[in-house]
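Adding 147 to a residue's 1-based position in the sequence shown gives its number in my numbering. Ideal Cβ positions, reconstructed from N, Cα and C, are used throughout, including at glycine. All values derive from a computational prediction rather than experimental measurement.
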Amino acid sequence: MPSVLITGTNRGIGLELARQYVADGWRVFATCRDLLACEALENLEKEHDELSVHQLDVTDHIAIEALAADLAGTPIDVLVNNAGVLGGQGFGEGAPDQQFGSMDYGIWARAFEVNTMTAMKFAEAFADNVAASEKKIMAAITSDMGSLTVMEGGFYAYRSSKAALNVVMKCLSGDLRDRGIIALVLHPGWVRTDMGTKAGEISVEESVTGLRAVIDGLTLSDSGKFLSYEGREIPW
Ligand SMILES: NC(=O)c1ccc[n+]([C@@H]2O[C@H](COP(=O)([O-])OP(=O)(O)OC[C@H]3O[C@@H](n4cnc5c(N)ncnc54)[C@H](OP(=O)(O)O)[C@@H]3O)[C@@H](O)[C@H]2O)c1
């Protein structure tokens, strides 16, 4: 049975990833920051023996190490770093706290902690588990808002932390290649979640169906790529 470890699974894209993978017969390790705010995930856990919920704030490196110790020796086919923050106020409000002239530097640091550094810490903690698996995939959910090629102004915290996440995953693709690990970043589309708002272009089901199909088709030659949920290459 293939296995997947997903972060940020109490809502949005992470919850749908957990739902679809467990429905497809995968073993799912689902992490969630606040066990008091994960009712849908807990219901999923009750329905499926193959899904376990693990409390974890992705900025808590000691908790990440503790989870890695719990799962030592367990192969993990796919590691999905999904948890992320836009930083401060959302799209709906236009995120004035990360625009030129009114930048909130605390929010910026926090975005780097959650969106960027976490991927490195998870890679360090779980490289052995992924290397011991059949599929050997480390995927991080990034955003096309982190693409330097298509970047315009605004959203400094979000854009820069996702662009830096892309750098981390690109470097991991080099450092982990000789262990057969495929490391890459995936853009989920503009999705109707709390972060993407109701104005999003696609449903969470459509995004995750696409992301899973892309993950399914990966080979080592895809390591270091920046792909959309449709499998399209996005310029860095
Ligand atoms: N929606 C879009 O249009 C879109 C587009 C491009 C990229 N993305 C990316 O896709 C990923 C998922 O986004 P989404 O749309 O599903 O967003 P969402 O609905 O806002 O969900 C974000 C998830 O991340 C978790 N999270 C945030 N900070 C965390 C922390 N410190 N520790 C653990 N979990 C934490 C949240 O948990 P809590 O409930 O505890 O806060 C929640 O489960 C993100 O990386 C996002 O940047 C989304």
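Proximity below 8 Å, CB of residue i to CB of residue j
i, j, result
"residue 348", "residue 336", "yes"
"residue 150", "residue 211", "no"
"residue 235", "residue 245", "yes"
"residue 311", "residue 259", "yes"
"residue 261", "residue 230", "yes"
"residue 436", "residue 340", "Since the first residue shown for the chain is 148 and the last is 383, residue 436 is missing from the structure and cannot be characterised."
"residue 375", "residue 329", "no"
"residue 188", "residue 165", "yes"
Burial state of residue i, where buried means 16 or more other Cβ atoms lie within 10 Å
i, result
"residue 344", "exposed"
"residue 163", "buried"
"residue 209", "exposed"
"residue 148", "exposed"
"residue 242", "buried"
Residue(s) in a DSSP beta bridge with residue i
i, result
"residue 228", "287"
"residue 373", "332"
"residue 200", "177"
"residue 150", "174"
"residue 380", "374"
"residue 160", "Per DSSP, none; premise fails for residue 160."
Cβ-heavy atom distance, residue i to ligand 1, below 7 Å
i, result
"residue 325", "no"
"residue 158", "yes"
"residue 155", "yes"
"residue 181", "yes"
"residue 190", "no"
"residue 208", "no"
"residue 340", "yes"
Contact test: residue i Cβ vs ligand 3 heavy atom, cutoff 7 Å
i, result
"residue 204", "Only ligand 1 can be found as ligands here, which leaves ligand 3 out of the picture."
Next on the checklist: Measuring CB atoms only, is the stretch 363-379 touching the stretch 284-295, in the sense that at least three cross pairs come out at less than 8 Å?
Outcome noted: Because the criterion of three Cβ pairs below 8 Å is met, the stretch 363-379 and the stretch 284-295 touch.
Next on the checklist: So, does the stretch 176-190 touch the stretch 303-317, judging by three or more C-beta pairs under 8 Å?
Outcome noted: Touching, no, given that fewer than three Cβ pairs across the two stretches are closer than 8 Å.
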